[in-house]
Each structure stands twice: as structure tokens, then as C-alpha cells.
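One line per chain: the protein sequences are A, B, C and D, in this order. So for the first sequence, our numbering puts the first residue at 10; every next one is plus one. So for the second sequence, our numbering puts the first residue at 10; every next one is plus one. So for the third sequence, our numbering puts the first residue at 10; every next one is plus one. So for the fourth sequence, our numbering puts the first residue at 10; every next one is plus one. All C-beta atoms, glycine included, are put in the ideal place defined by N, C-alpha and C. Since the structure comes first, as C-alpha cells, the remarks are kept for the end.
Number of protein chains: 4
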Amino acid sequence: MPSADDIFDSGLLSPGTAGSDAVVSDAAVLAALVDVELAYLRTLVAAGIAPASAAVALEAVGVVSDAADVARRARATGNPVIPLIADLRNAVGGTDAAWIHRGATSQDILDTALMLIAHRARTESIASLDRSIDALTTLADAHRSTVAAARTLTQHSTPTTWGLRFATWLTALLDARDGLVAVVLPASLGGASGTLAALVELAGHERAASLPSALAAELGLAAPPTPWHVVRSPVTRLGDALVGVTDALGLIGANVATLSRTEIAEIAETGPAGHGASSTMPQKRNPAASVLLRSLSLRAPGLASTLHVAAAASVDERPDGAWHAEWPALRELLRMVVGGMATLDELTAGLTIDLDAVAANLAITGDGILAERTGLTGSAGVPATYTGLAEQFVDVAIARARS
Amino acid sequence: MPSADDIFDSGLLSPGTAGSDAVVSDAAVLAALVDVELAYLRTLVAAGIAPASAAVALEAVGVVSDAADVARRARATGNPVIPLIADLRNAVGGTDAAWIHRGATSQDILDTALMLIAHRARTESIASLDRSIDALTTLADAHRSTVAAARTLTQHSTPTTWGLRFATWLTALLDARDGLVAVVLPASLGGASGTLAALVELAGHERAASLPSALAAELGLAAPPTPWHVVRSPVTRLGDALVGVTDALGLIGANVATLSRTEIAEIAETGPAGHGASSTMPQKRNPAASVLLRSLSLRAPGLASTLHVAAAASVDERPDGAWHAEWPALRELLRMVVGGMATLDELTAGLTIDLDAVAANLAITGDGILAERTGLTGSAGVPATYTGLAEQFVDVAIARARS
Amino acid sequence: MPSADDIFDSGLLSPGTAGSDAVVSDAAVLAALVDVELAYLRTLVAAGIAPASAAVALEAVGVVSDAADVARRARATGNPVIPLIADLRNAVGGTDAAWIHRGATSQDILDTALMLIAHRARTESIASLDRSIDALTTLADAHRSTVAAARTLTQHSTPTTWGLRFATWLTALLDARDGLVAVVLPASLGGASGTLAALVELAGHERAASLPSALAAELGLAAPPTPWHVVRSPVTRLGDALVGVTDALGLIGANVATLSRTEIAEIAETGPAGHGASSTMPQKRNPAASVLLRSLSLRAPGLASTLHVAAAASVDERPDGAWHAEWPALRELLRMVVGGMATLDELTAGLTIDLDAVAANLAITGDGILAERTGLTGSAGVPATYTGLAEQFVDVAIARARS
Amino acid sequence: MPSADDIFDSGLLSPGTAGSDAVVSDAAVLAALVDVELAYLRTLVAAGIAPASAAVALEAVGVVSDAADVARRARATGNPVIPLIADLRNAVGGTDAAWIHRGATSQDILDTALMLIAHRARTESIASLDRSIDALTTLADAHRSTVAAARTLTQHSTPTTWGLRFATWLTALLDARDGLVAVVLPASLGGASGTLAALVELAGHERAASLPSALAAELGLAAPPTPWHVVRSPVTRLGDALVGVTDALGLIGANVATLSRTEIAEIAETGPAGHGASSTMPQKRNPAASVLLRSLSLRAPGLASTLHVAAAASVDERPDGAWHAEWPALRELLRMVVGGMATLDELTAGLTIDLDAVAANLAITGDGILAERTGLTGSAGVPATYTGLAEQFVDVAIARARS
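Structural data, given as C-alpha cells:
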């Protein structure tokens with residue numbers, strides 16, 4: 010049972026992700042580390058290197074360590090895998106214990122565990138994302154004829170439709186989804202210096218060469234063509250895709266917040282009683298979900314840049330701090346995506362359009378909103394006749410969402 | 010008693026700070042939020058606005074909320090203060106309850122609590138920092154005559170001394186210390202829109218005007234000249250000072266790691282048994298503390314940049330997401346400094362110089378290391394005659410450390 | 010005469026600074042490098058180390074190099090000082106030539122030149138900044154009674170005044186100004202490895218020790234207590250202060266852009282004919298200056314973070330790339346500040362308030378904007394009776410601006 | 010003929026790219042802007058919308074504007090396209106002039122021009138990159154049996170080979186190349202508010218709908234499915250791929266710099282006379298190209314993060330500053346890649362291995378370097394028998410490079 014002292018962060022300062030980020034919590038990372046050690050041991054067993062009893066014993070042991078305790082013991086050596094292995098070996102005992110982690114290096118285990126966590130978080134994120142995509146698809150379709158004032162550089166420009174606006178946000182989400190899905194999440198197995206020398210010693214060249222892909226298959230990850238201890242593109246590409254997602258969250262958050270301003274009020278968040286309440290002003294209904302999404306999007310780029318700084322600073326056969334800098338940045342990005350997607354899901358489920366406000370705003374600029382058209386044809390017409398390909402673009406986005 | 014599900018982060022991926030960062034944990038933030046509500050209520054009492062019984066009742070209540078629970082309930086409104094107030098009012102009950110938070114806004118409480126946390130973390134950091142300053146002062150003094158090869162752009166240049174090298178790291182720490190000490194940590198009190206209108210309503214202009222400084226005095230913070238809900242220089246300056254500290258941690262980490270390379274080996278980390286051990290290679294003694302310091306320094310700049318991005322995006326009388334983006338970034342920077350300083354303390358307490366390696370390295374370049382001198386005077390001499398003002402610079406740094 | 014091929018950047022993609030950034034252009038940096046070599050030589054002459062004829066000859070030579078040519082030749086050695094020295098020595102010729110740069114290292118010259126550039130840019134920026142401060146002071150004073158709807162999280166909250174809003178922006182500028190003024194800009198003089206060994210060889214310990222402060226005095230810079238080749242706080246502090254300025258520019262830009270939205274329209278930029286025009290929509294008047302200020306504020310934090318990343322990666326007696334990464338980041342930050350300040354000056358000179366729009370917006374929320382007051386007193390009153398200490402806070406800001 | 014005053018940056022502070030970045034200079038951007046206006050006009054002509062004479066006249070005019078002059082005039086409206094159009098229309102004159110830019114918006118032209126610049130820079134970069142890939146392939150092959158000490162966390166770990174080390178760098182480059190090649194570079198055509206309303210007005214829905222892909226085809230860019238004025242994934246993905254390239258440049262730079270340290274000296278840069286020279290120390294041979302590559306890699310992540318911050322802050326139908334923030338960041342990233350690749354090309358062409366140093370270093374740790382093997386088998390053997398799959402991994406990388 011953890012003590013309160015062992016909790017550093019339980020979400021207090023991260024309401025945008027709170028309650029939906031367990032898949033990437035310390036407990037989840039710890040479990041993934043154990044999953045990877047077990048999968049690795051099974052891989053050794055399957056290859057005839059380790060005795061079957063070792064994997065059976067390790068599986069029976071499960072997670073025996075406390076995360077906070079591991080963290081403190083990790084200070085001496087720099088990473089949490091080393092104390093974790095000690096715990097696992099101690100729990101297993103006997104000759105089986107020696108087979109745990111044999112031939113691997115701590116970076117193999119931690120890199121693979123983070124990819125496994127990413128895999129799990131991605132699956133969960135996309136389920137949530139697909140609900141938001143459905144919601145925006147419905148909104149884009151429903152409002153394809155809702156003519157509204159477009160705004161550029163904050164000023165009314167020409168007419169557009171709310172359908173196209175929703176379709177635009179939808180496109181941003183679809184781009185983010187494509188980016189996330191495209192990321193290859195490889196297992197890592199290189200041994201002490203990226204040569205797999207210990208495994209070759211134990212099992213010969215041929216069998217050793219088969220182990221990275223076997224480990225990957227065991228965990229549902231991609232097979233690594235070669236070790237990537239210092240080639241960090243798997244990490245930076247994942248980070249880039251994750252910040253691509255928060256970019257889309259931020260785009261939607263910023264737009265809903267802007268367009269729900271008291272003076273604009275074309276759109277509003279709705280939610281259970283108390284949603285958007287203020288601590289002092291009873292009349293307020295703040296766009297709370299949008300604000301939280303926007304906050305995530307402001308935070309993510311700095312974290313993703315850390316992954317690139319670290320990638321570029323990788324030296325030797327395994328780096329002296331650059332690797333260690335990746336872990337919290339990558340995990341926090343995963344948290345923002347999986348937790349933020351849940352927030353987006355709530356947001357998109359509750360969006361409402363105020364058609365009167367849309368019409369009233371459109372009327373503010375009067376014929377001015379058709380000034381471009383007047384310049385072309387000499388007459389202004391009505392806004393609904395000057396929305397160009399808005400409807401076609403809605404169709405394109407919806408078709409893509411449904412494909 | 011928290012359940013394992015309520016722990017997002019207990020340090021597993023942050024060994025560089027694990028075990029030394031409780032002063033800025035969620036528990037500490039939650040306690041600080043309650044401290045600020047209590048201090049604010051006491052301020053109202055002292056000004057004759059609220060009844061004394063209210064403060065007595067609130068003090069008796071203490072921390073009644075669970076951080077993870079507050080976090081989940083914060084999603085509806087965007088910040089944790091609103092559910093926290095509900096808990097406090099519920100626990101106090103009766104007419105006293107209504108005086109809790111009256112006239113303040115949630116941003117006042119959270120901003121003040123983060124400054125209070127920063128104040129506490131700074132105090133703890135500087136105590137630790139001063140031990141490292143002492144250790145480096147001793148090393149600089151002890152090695153003022155230890156002539157060594159200087160290196161520029163990775164290549165031997167001219168002679169220097171290990172004393173000057175330690176003095177240089179010491180100077181970086183002293184600069185960081187000065188920066189941290191100079192940061193002004195103000196309380197925040199502006200009310201709903203930064204006008205203190207509710208307090209003026211309750212207490213009149215004059216008494217209301219005295220409350221921000223009274224609140225600050227109650228908490229040991231600086232008095233804010235005017236509300237700073239959207240003028241975020243207190244936050245960005247704190248962030249800049251914190252990353253200034255991690256820069257110094259990184260400098261020392263990078264240099265110890267470099268100069269302890271197997272081929273250079275002029276310096277080594279020492280520590281308890283197991284320090285610097287590898288999971289597979291018994292001969293290794295990794296510079297684990299340096300590696301962890303370096304990892305912190307790679308992570309901090311992205312977080313500090315987030316604070317600036319947020320500051321520049323502040324709009325209206327209180328911002329729509331920019332403020333919310335600050336909290337985890339600022340807290341993580343505080344964590345790195347207070348936790349990293351403890352790591353630095355361990356590092357500096359255990360540094361050892363290998364005089365033979367120093368001499369052997371110096372000999373590698375032979376007379377080449379005196380080539381600049383030869384170009385000036387026609388003769389090379391010996392390295393110890395060509396260390397310029399190294400000793401004077403050591404004296405300057407030591408004098409500053411002792412002042 | 011430079012050819013078009015030698016221009017990489019003449020401002021085409023930086024309209025927010027174009028026409029006001031010459032003080033930090035390549036020509037200015039090149040001139041500053043020559044200024045520093047000359048000041049250094051004069052310092053040697055004044056100390057009786059070099060012959061007076063050398064300084065006379067160097068002064069007569071002036072800037073003989075072409076920046077693009079120096080840049081290309083700098084590739085071989087990594088920095089532009091080395092080819093520049095070759096040009097200067099070649100132009101001076103004879104025995105005087107050998108005294109140019111003697112005892113210094115290229116980092117001394119370039120670091121000092123960048124500080125000199127920063128000094129010049131700061132002087133120019135502050136002159137411009139003070140005009141904006143005057144303009145905002147006048148606006149804050151003029152609109153101290155202009156009651157307006159305050160907005161928090163994008164929604165009307167309680168009343169405020171435009172005077173307080175201007176005072177808030179003014180406070181942000183004053184904080185930025187204080188930060189910029191407080192930065193210490195030291196000369197750099199450490200010689201090849203930061204020991205000044207060559208100068209001690211040429212002039213003895215005592216005279217050598219006096220040279221860094223003499224060089225600084227010659228250039229109007231601060232005296233460096235010790236060499237700072239790898240202690241980069243002078244650079245990071247400058248960068249932090251610069252991004253502190255762009256934060257304030259961004260705050261004003263974001264607020265003017267938001268509050269000039271077609272539906273809000275409380276404020277507008279004015280300027281010469283064509284200001285804010287669109288390429289296709291004749292009715293538009295875009296807040297062009299605000300948009301450019303905002304763009305600067307989005308760009309600066311990433312550059313400032315680079316300076317910290319570089320500071321933390323400094324190794325040895327002079328670094329292997331970290332130093333080189335600083336130059337363009339620091340120069341671009343200086344550009345943003347000096348150029349952006351000119352844009353701010355134009356903006357603040359042309360701001361106009363639409364009092365009718367202010368009143369109409371305030372009326373939107375009706376009594377709701379006084380709901381907090383009603384909750385306290387049971388009656389709403391009128392907005393002008395619920396602006397709290399707005400006027401006092403205006404006075405505080407104005408008094409600070411005038412002090 | 011430009012005056013010296015019109016040059017802001019001619020490379021003086023960017024030696025890592027100097028002389029190889031003309032493809033993304035202001036002159037190149039200006040030419041691309043004109044190319045896009047011409048291609049757009051040709052597209053209108055081909056669709057039967059505009060008269061053929063207009064395109065003929067515009068082509069005859071070419072680039073008539075001066076970049077610095079355009080930049081200054083861009084301040085009034087916020088972007089350089091508006092003054093450029095004025096210049097082009099003025100030069101063409103008559104009724105043809107009105108067809109220039111008709112139906113497009115300035116963001117269409119500038120976004121398309123930057124994608125065109127990116128396309129050209131990519132082509133040039135990849136040509137250079139492929140030379141480096143060839144060089145590293147040759148080195149990996151040549152040194153597949155050169156056994157060396159592997160290092161992890163700066164300490165000798167187990168044996169590896171220089172062939173594998175080169176293959177690792179090669180893999181990083183191949184990953185970067187894949188990333189760069191995979192980026193889709195679309196044309197942009199949305200008109201004033203992303204609806205193409207003006208084009209529909211001029212040409213009807215069907216013909217208007219065909220124009221974005223026609224414009225793209227004219228320029229060799231990808232067809233945009235829908236307008237992307239506020240869906241900035243084309244820009245962020247490009248930025249991510251570019252920083253992926255500088256990560257690889259940094260990896261190689263950091264490793265060559267480290268492994269060419271005086272005490273390690275396994276590898277060295279070679280180049281023309283003067284390469285790596287110091288301003289004061291005749292014995293030095295600095296790894297100048299590595300240092301410059303490393304400096305680029307430290308700078309790029311902050312710029313890429315700016316693109317994400319901007320993407321997430323995009324509001325309305327076209328943004329109020331976020332878009333404007335992209336231009337210099339994106340262009341500088343392109344510069345780093347195209348210019349840095351030329352530096353890499355020089356570096357890889359001149360790398361030399363010192364086999365004696367490799368052997369001497371390997372011997373330092375003695376049997377310790379085989380301690381892992383001894384732990385497994387009870388005997389140490391010789392290093393060459395403990396390189397695991399190093400050779401197979403070399404083969405994988407080489408096969409990939411040649412495919």
C-alpha cells in the first residue's frame with residue numbers, strides 16, 4: 010500500500026488529463042517493465058536458451074516492486090531497471106533467477122517498455138479520438154448550410170459555413186490520427202553495447218539474430234532492424250506524432266474558446282451541472298474543456314523539443330544523460346494525448362451552436378462581408394451565395410473520416 | 010489512504026530527483042493551497058472583515074481533500090481550487106463556511122500557493138546548494154596547483170589547473186544561486202477580474218487596498234504592487250532562474266561525465282557500494298549522478314520556454330489556457346532544482362581526482378600544449394609556468410563563495 | 010559592394026522587425042568585431058604592451074572584410090573571428106600586424122562583440138520602449154473612468170476599466186524594461202584557455218589582471234570578474250530578459266488583436282493609409298502590428314531555450330558546438346526586441362478606443378456582470394460602482410512609469 | 010544593386026550553413042513567390058479564366074522587387090505578398106494586371122512558395138546527403154573488422170567495431186532521409202477564407218475545384234485535398250522531418266567530436282590546409298565541421314517547437330500571428346538542413362581512423378572489457394571474439410543504404 014509520501018503527482022495540476030491517464034502512470038510503466046522482462050525471458054525459453062521454469066517462475070512473481078522505492082534505488086545507477094531486476098531475481102530465487110534479464114541491457118528493457126506503454130496509450134487514444142471524429146463528422150454534416158462570418162486576422166472576411174469550420178477541425182484530427190497510426194513502435198534489443206554479444210555467446214549468431222523480432226512479436230511491437238540505443242528516431246517520431254495530436258487539440262480548444270466569447274457566442278460547451286462554473290461569479294459558463302485542451306497544446310511542444318535535443322546529443326554506444334532525459338518528456342506527452350483525448354471526447358459530445366448568434370454576427374459587417382464578391386462582380390448578393398466550395402470541402406472531410 | 014490508482018508519478022522515471030522532491034509534490038501543493046486559503050481568511054479576520062471563528066474553524070479542518078479526487082473534479086471547471094473550496098466549506102459548515110475564499114478568485118489562491126511552494130523549495134535547494142558550494146570551494150582550493158591540460162573544442166589547448174576548473178563550476182553555481190535568490194515571489198490577490206471589487210464592497214477601498222500586502226506578510230511572500238493575473242513576469246522570472254540552476258547542474262554533470270571517460274579518467278564519482286554499477290558489466294563504474302544531472306539540464310529549457318509561451322499568450326483579465334499551462338511546467342522545474350540539488354550534493358561530496366591520470370594526459374601533447382607560449386617567447390618551458398592567472402581566478406571564486 | 014548572392018536575409022520573412030534592426034545586422038556585428046579588436050589593441054597599448062602605432066594602423070584600416078566572405082572562410086575553423094583577423098593583419102601589415110588579437114582568443118572577441126551589439130540594441134530599444142510607455146501612460150490616464158466588461162476565460166466576469174487594462178499592459182512593459190536594464194553585459198577576456206596565460210607572459214600577472222576591466226571600460230561594458238567561456242549566465246540572462254520583452258510585446262499584441270475582433274471592436278489600430286489592408290477584401294482593417302508582435306512572441310521562447318540548452322552543454326575550457334549555437338539565437342532575439350519595439354511604438358501611437366462599442370459590450374451581460382456583487386450585497390447597482398481598486402492600480406502603474 | 014544596409018544576415022553567424030544555403034535565401038523566397046504568382050496565373054489561363062496575355066506579361070516581368078524594400082512595406086499589412094503584388098501589377102500594367110493574384114489570398118501564395126522552397130531545398134539536400142551516405146557506407150564496410158572499445162555512459166563496456174559505429178550513424182542518416190522524403194509538400198489554394206468563393210464566382214464550382222491540383226501540378230507540388238490555412242500539419246510535419254535531419258547531423262557531430270578528443274583520438278577530421286586551425290595555438294586541429302554540425306542540432310529543436318506552438322494557436326479561418334511566426338522558423342530549419350548537409354558532406358569525405366589509437370584504447374580496460382563474457386562463460390577470450398552481431402548489423406545498414 011503506497012503512502013502519501015510516495016505520490017509525487019496524482020493529477021492535481023493536470024486537470025486536462027486527470028482520470029484518463031492511468032495507462033501511462035508509474036504503475037503502468039512498472040507493469041510494462043515486468044511485462045518486457047517476462048516476454049524477454051519467454052523469448053529465451055522459446056529459443057531454447059533459458060529453461061522454461063524460469064519464465065514460469067517470473068510470471069508467478071508479477072510486480073513485486075514499489076515504484077517510489079525503485080525510483081530512490083535507481084539513483085545509484087541512473088535507471089530504474091537495475092533495482093527492478095534485483096527485486097525480480099530476489100523474488101524468483103534459485104537458479105532461475107540468473108536467467109532474468111540475461112543478455113539484455115537496462116536500456117533494452119526500458120525502451121521496449123516505453124514503446125509498449127505507447128502502444129497501449131495509442132490504442133486507448135484512438136478509441137477516444139474516433140468518438141470525437143464521429144461527433145465532428147455529425148456536426149459538419151448538420152451545419153453544412155449554416156452560413157457564418159469567416160474571420161481572418163480576427164476580422165470578418167467573407168462568408169463561410171459552420172459545416173466547413175467543423176470539417177476543418179475534423180481534418181486536423183484526421184491528420185493527427187494518421188500521424189499517430191503511422192508511428193512504428195519497435196522493441197529494443199541490443200545488449201550491453203548494441204552488438205548482442207552476450208546472446209551470441211549464449212545461443213550462437215543465428216539464434217541470437219532471431220531474438221529481437223521474437224521479442225517484438227511477443228509484445229505486439231515492431232521488429233527492430235538493428236539496435237537503436239543511440240538512433241533515437243523511434244522516440245522522436247513518436248514524440249512528433251504526439252505533439253501533432255496536441256496541436257489538433259489546441260486548434261479545437263483555441264477555436265471553441267474564441268468562438269464562445271461572450272460577444273461572439275456562436276458555439277458553447279455544455280456538460281453536466283457545474284461544467285464551466287466559476288468560484289465567484291454565478292452567471293459564468295466558462296469553456297473549461299477548451300481551456301484545458303489549449304493548455305495541453307501550449308505545453309507539448311517544449312517536451313517534444315526535448316526529445317530532439319536528446320536525440321542529437323546521443324554519444325557512444327549508449328548515451329550519458331540524453332537517454333535519461335527522454336523518459337519523463339515522452340511519458341508526459343503520452344499522458345497529454347491519452348488524457349487530452351478524453352477531454353476532447355467530452356468537449357465534442359457537448360458542443361452546441363447558437364444559430365441566432367451566428368446570424369447576428371454575420372449581419373454585423375453587412376454587405377462588407379461580400380466586398381470581395383462585389384469587387385469581382387459589381388454586386389454583393391447574399392452571404393449564402395458566396396460560400397464557394399465550402400460544401401464540397403465538407404464532403405471531402407466527411408468521406409475521409411468515414412473511410 | 011491513497012490507492013495505487015491515484016498515483017500517476019512517484020518518481021519512477023525521474024531518478025535524478027527521486028526522494029528529494031517532496032517539498033513540491035501534490036501533497037505539498039494541496040497543503041499550500043489550504044495554507045493560502047487559511048492565510049487569506051486570517052487576513053480578512055485581522056482586517057475586521059470576517060469573524061475570527063471562521064479562521065479557527067478552517068484551521069481545525071486542515072487538509073481534507075484527496076489530490077486525485079480534486080484533480081478529477083477540477084476537470085469541470087478547469088482548476089483544482091474550486092473543488093477544494095467546496096471540500097473546505099463542507100468541512101467547516103455553518104455560516105463560517107461562507108467566509109472561506111470570499112472576495113478572492115481561484116487564480117489568486119493557486120498562484121499564491123505555487124509561489125509559496127517555490128519559496129519552500131528555494132529554501133531547501135539553497136541549503137543543499139550551499140553544501141555543494143562548500144565542497145567545490147574546498148576542491149578548488151586543494152587543487153589550485155594541480156596543473157592539467159585545458160581543452161577547447163575537445164582538443165588540448167594550453168595548461169590550466171584543476172583548481173580553476175572547480176572554480177569555474179563554482180562560479181556557475183554562484184551565478185545560479187544569485188539568480189535564484191534574486192527572484193521576487195509575490196502573493197497574488199486580485200479578485201475575480203483583478204480589481205478587488207468584492208473586497209472593496211466588503212471592506213471599503215482603504216482596507217481592501219491593504220489586503221494583498223497583508224496576505225503576503227502572513228505567508229512570508231512579497232507584496233504585489235498590483236494584481237498579476239495576466240502579467241506573468243513573476244512566473245517567467247522564477248522559471249528563468251530555475252533553468253539557470255539546471256544549466257549549472259548540467260555544466261557540472263557534462264564536465265564530470267566527460268572528464269571521467271575511460272580514456273581521460275582525471276575525475277571520478279564515488280559513492281556507496283553499487284554506485285555507478287551496470288546491469289551486466291561488473292567492471293563498470295558509471296558517472297551516474299552526472300548523467301542524471303545532465304538529463305535534468307536537457308529537460309529544463311523546454312519547460313521554461315513553455316512559461317514564456319504562456320506569458321505571451323495571456324489575454325483578457327484572466328487567460329483561457331495560458332495560465333493553466335504554467336502549473337505543471339513550473340512545478341516540474343521546481344522539482345528538478347530541489348531534487349537535482351540533492352543529487353549535486355551527493356556528487357560533489359564524492360568527487361575524486363586521479364593525479365596520475367591528470368599528469369599522464371598533460372604529457373600526451375608534450376610541448377605542443379605550450380605552443381602558444383613558444384610562439385610568444387620562443388621557448389616552451391614547463392606547463393606549471395604557463396597557467397596565467399589561474400590561481401588569481403581561483404581566489405576570486407573562493408572569495409565570492411565565502412562572502 | 011555586396012552581390013545579391015551574399016544576402017541571405019534582408020527581412021523578407023520578418024516584417025515585424027524590418028527596417029528597425031540594422032543595429033544587430035551582420036554589418037553591425039562585423040563592425041563590432043572590429044571595434045573589439047581595436048579596443049583590445051588599445052588596451053594593450055595603454056598597458057604598455059603593444060606599440061601605439063599598431064592601434065593607429067588598425068583604426069585606419071577599419072572594416073575591410075565582407076561578411077559573406079568571412080562567413081564562408083569561417084567554415085574551416087568554426088568561427089568568423091579567425092578569417093577576420095587574417096584580413097585585419099593583412100591590411101595593417103608589417104610588425105604592427107602581429108599585435109592584433111595577440112593574447113586573446115576568438116571567443117573573447119566574439120563574445121565581447123555580441124555583448125557590445127546587445128548594449129547598442131538595448132539603448133535603441135529602450136528609447137523606443139519609453140515612447141510606448143509614455144503612450145500607454147497617457148491612455149491609462151485618459152481611460153481611468155472608461156468602464157468596460159472584464160473577461161476571464163473568454164467570458165464576461167465583472168466590470169473593469171480600460172484605464173486598468175492599459176495600466177496592466179504598461180506594468181508588463183515596465184517589468185520587461187526593468188529586466189532588460191538589469192542585465193549585466195560584460196566584456197570577455199580569458200585567452201586561449203581562460204587563464205590569460207599569454208597576457209601574463211607578455212605583461213606579467215599584475216598588468217594582465219588589469220586588462221579585462223580595461224577592455225570593458227574601453228567599450229562601455231561591464232568588467233568580468235573571471236573569464237566566462239563556459240559559464241554562460243551572461244548570455245542566458247540576456248536571453249531571458251529579451252524573451253521577457255517579447256512576452257510583453259505578445260501580451261499587448263494578443264490583447265489588441267482579441268479586443269479588436271469584429272464582434273468586440275473596443276480598440277483598433279490606426280496608421281497611415283493602407284495600414285491593415287487585405288490583398289482581396291477592401292473592407293478589412295487588420296490589426297497588422299498586433300499580429301506581428303504576436304508572431305515575435307511565439308518565436309522567441311524557442312530561441313531563448315536554445316541558449317539554456319547550450320549553456321548546460323558547455324564542456325572543457327571552451328565548448329564544442331554549444332557556444333556556436335548561441336550566436337544566431339541571441340542575435341535573432343536582439344533583432345526581435347529592437348525591431349519589435351519599433352513596431353510596438355507604431356502600435357501604441359495609433360490605438361483608438363470605441364466608447365460606444367465598450368458600452369454596448371458591457372450591456373450584453375446585463376446585470377449578470379454584477380452577479381458577484383449581487384451575491385455579496387443582494388443588489389447589483391451599476392457597473393461603475395463595482396470597479397474596486399481599478400483607479401488605484403492605474404495610479405500605481407502610472408507612478409511607476411513616471412519614476 | 011542592394012546596399013549594405015539591406016543585408017541583415019549574410020551568414021556571418023552561421024558558418025555551419027554559409028555558402029550552401031542560397032536555395033532558401035530571401036532571393037530564393039522572392040523568386041518563389043513570383044514563381045507561384047505566375048503558376049497561379051497560368052492555371053487561371055489554362056482553365057479559361059484569365060487571358061493568356063496576362064501570364065505572358067507576368068512572365069516577362071520576372072522579379073522586379075527588392076526584398077528589403079518589400080519587407081519594409083510588408084509592415085503595414087503583415088505579410089510580404091501584398092507589396093509584392095503591387096509591384097507585379099505595376100510592372101505588368103493595363104488590364105492584365107488585374108488578373109494577377111485574382112481569387113487567391115496572400116497566404117496561398119506564401120504557403121505555396123515556402124513549400125516550393127522546401128521542395129527545392131530537399132532536392133539539393135538529398136543529393137548531398139546521398140554522398141554522405143555513400144561515404145559512410147564505404148567506411149562501415151572498410152572497418153567492419155576494426156574492433157574497438159564500446160562505451161556506455163562514457164565508460165568502456167564491451168568490444169564493438171568501427172564498422173558498426175559507422176553503420177549506426179548511417180542508420181540515423183537513412184532514418185532522417187526517409188523522414189525527409191516522406192514529407193508531402195502541398196500547394197495551398199483556399200482564397201480569402203478557405204472557401205475558394207472568388208474562384209467559384211469567376212469560374213463556377215467545377216472549374217474552381219480543379220484549380221488547387223492544377224496549381225500544384227504546375228509547380229511539382231502535391232495537390233491539397235482541402236485548404237490548409239489553419240490545418241498546419243504540412244508545416245509541422247516538414248519541420249519535424251527537418252529537425253529529424255539535424256538530429257542525425259548532431260549525432261554524427263557529437264560522436265566525431267567526442268571520439269576525436271585528444272585522449273581518445275580514434276577518428277579525425279581532415280580537410281584543406283587550415284581546417285581546424287586555432288587563432289592562437291598552432292598545434293591544434295579542431296573538429297570544426299563536427300562542432301558546426303553539433304551547433305545546428307542544438308538550435309533546430311527550439312525552431313521546430315515554434316512551428317507546433319503556432320499550429321496549435323491557429324484560430325479563425327486564417328490566424329492572427331501564428332502563421333506569421335512560422336516563416337522564419339521554417340526557413341531557418343531548411344537552411345540548417347541544406348547548409349548542414351553540405352558541411353556533413355565535407356566531414357564524411359575527410360574522416361580518418363587511427364588504428365593504433367583504436368587498439369591502444371581497447372587495451373586500456375584489459376580483460377575488463379570482456380567482463381560480461383567472463384561472467385557468462387568463465388573466460389574472457391579476445392575482444393574480436395566478442396563483437397556479437399556487429400558484422401550482421403553492418404550488413405543490414407549497408408543493404409538499406411544501397412537499396
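Segment limits, alpha helix (DSSP H) that includes residue i
i, result
"residue 67 of chain B", "61-70"
"residue 317 of chain B", "297-321"
Local conformation of residue i per DSSP, three classes
i, result
"residue 425 of chain C", "With chain C running from 10 to 412 in the structure shown, residue 425 of chain C is simply not present."
"residue 10 of chain D", "Any reading at residue 10 of chain D needs caution, since the residue's pLDDT is 46, under 50, leaving its predicted position unreliable; the model's value is listed next. In the structure shown, residue 10 of chain D sits in coil (DSSP, three-state: anything other than H, G, I, E or B)."
"residue 156 of chain D", "strand"
"residue 353 of chain C", "helix"
"residue 135 of chain B", "helix"
"residue 195 of chain C", "strand"
"residue 409 of chain A", "helix"
"residue 361 of chain C", "strand"
Nonlocal neighbours in the same chain, by C-beta distance under 7 Å from residue i, ignoring five residues either side
i, result
"residue 169 of chain B", "157, 159, 396, 399"
"residue 144 of chain C", "357, 358"
"residue 252 of chain B", "309, 310, 313, 342"
Interface residues of chain C facing residue i [CB-CB closer than 7 Å]
i, result
"residue 273 of chain A", "272"
Span of the beta strand (DSSP E) around residue i
i, result
"residue 277 of chain C", "276-278"
"residue 165 of chain C", "164-170"
"residue 58 of chain B", "Note, residue 58 of chain B: premise wrong, no beta strand (DSSP E); not H, not E."
Interface residues of chain D facing residue i [CB-CB closer than 7 Å]
i, result
"residue 5 of chain A", "Residue 5 of chain A lies beyond the range of chain A shown here (10 to 412); nothing can be said about it."
Cβ-based neighbour list, residue i, same chain, cut-off 6 Å, excluding 5 preceding and 5 following
i, result
"residue 359 of chain D", "278, 279, 280"
"residue 201 of chain D", "114"
Any non-hydrogen atom of the ligand NAD within 6 Å of residue i CB
i, result
"residue 279 of chain D", "What this structure holds is no ligand at all, so the ligand NAD is not there to describe."
Residue i: contacting residues in chain D (beta-carbon distance under 9 Å)
i, result
"residue 306 of chain A", "317, 318, 320, 321, 322"
8 Å Cβ shell around residue i - same chain, five flanking residues per side excluded
i, result
"residue 54 of chain D", "60, 61, 63, 64"
Chain C residues whose Cβ lies nearer than 9 Å to that of residue i
i, result
"residue 128 of chain D", "Within 9 Å Cβ-Cβ: nothing; residue 128 of chain D doesn't reach chain C, min ~17 Å."
Per-residue contacts from residue i into chain A (C-beta, under 9 Å)
i, result
"residue 314 of chain B", "310, 311, 314"
"residue 169 of chain D", "202, 203, 204, 206, 326"
Contacts of residue i in chain A (Cβ-Cβ under 7 Å)
i, result
"residue 284 of chain B", "85"
Check whether the stretch 15-23 of chain C touches the stretch 90-110 of chain C, counting contact only when three or more Cβ pairs, one atom from each stretch, lie closer than 8 Å. The stretch 15-23 of chain C vs the stretch 90-110 of chain C: no contact.
Just checking, does the stretch 32-39 of chain C make contact with the stretch 75-90 of chain C on the three C-beta pairs under 8 Å criterion? Three or more beta-carbon pairs separated by less than 8 Å link the stretch 32-39 of chain C to the stretch 75-90 of chain C, which places the two stretches in contact.
At least three beta-carbon pairs within less than 8 Å, the stretch 173-184 of chain A to the stretch 217-236 of chain A: no
Are at least three pairs of beta-carbons, each pair with one atom in the stretch 22-33 of chain D and one in the stretch 328-345 of chain C, less than 8 Å apart? Yes: at least three Cβ pairs fall under 8 Å.
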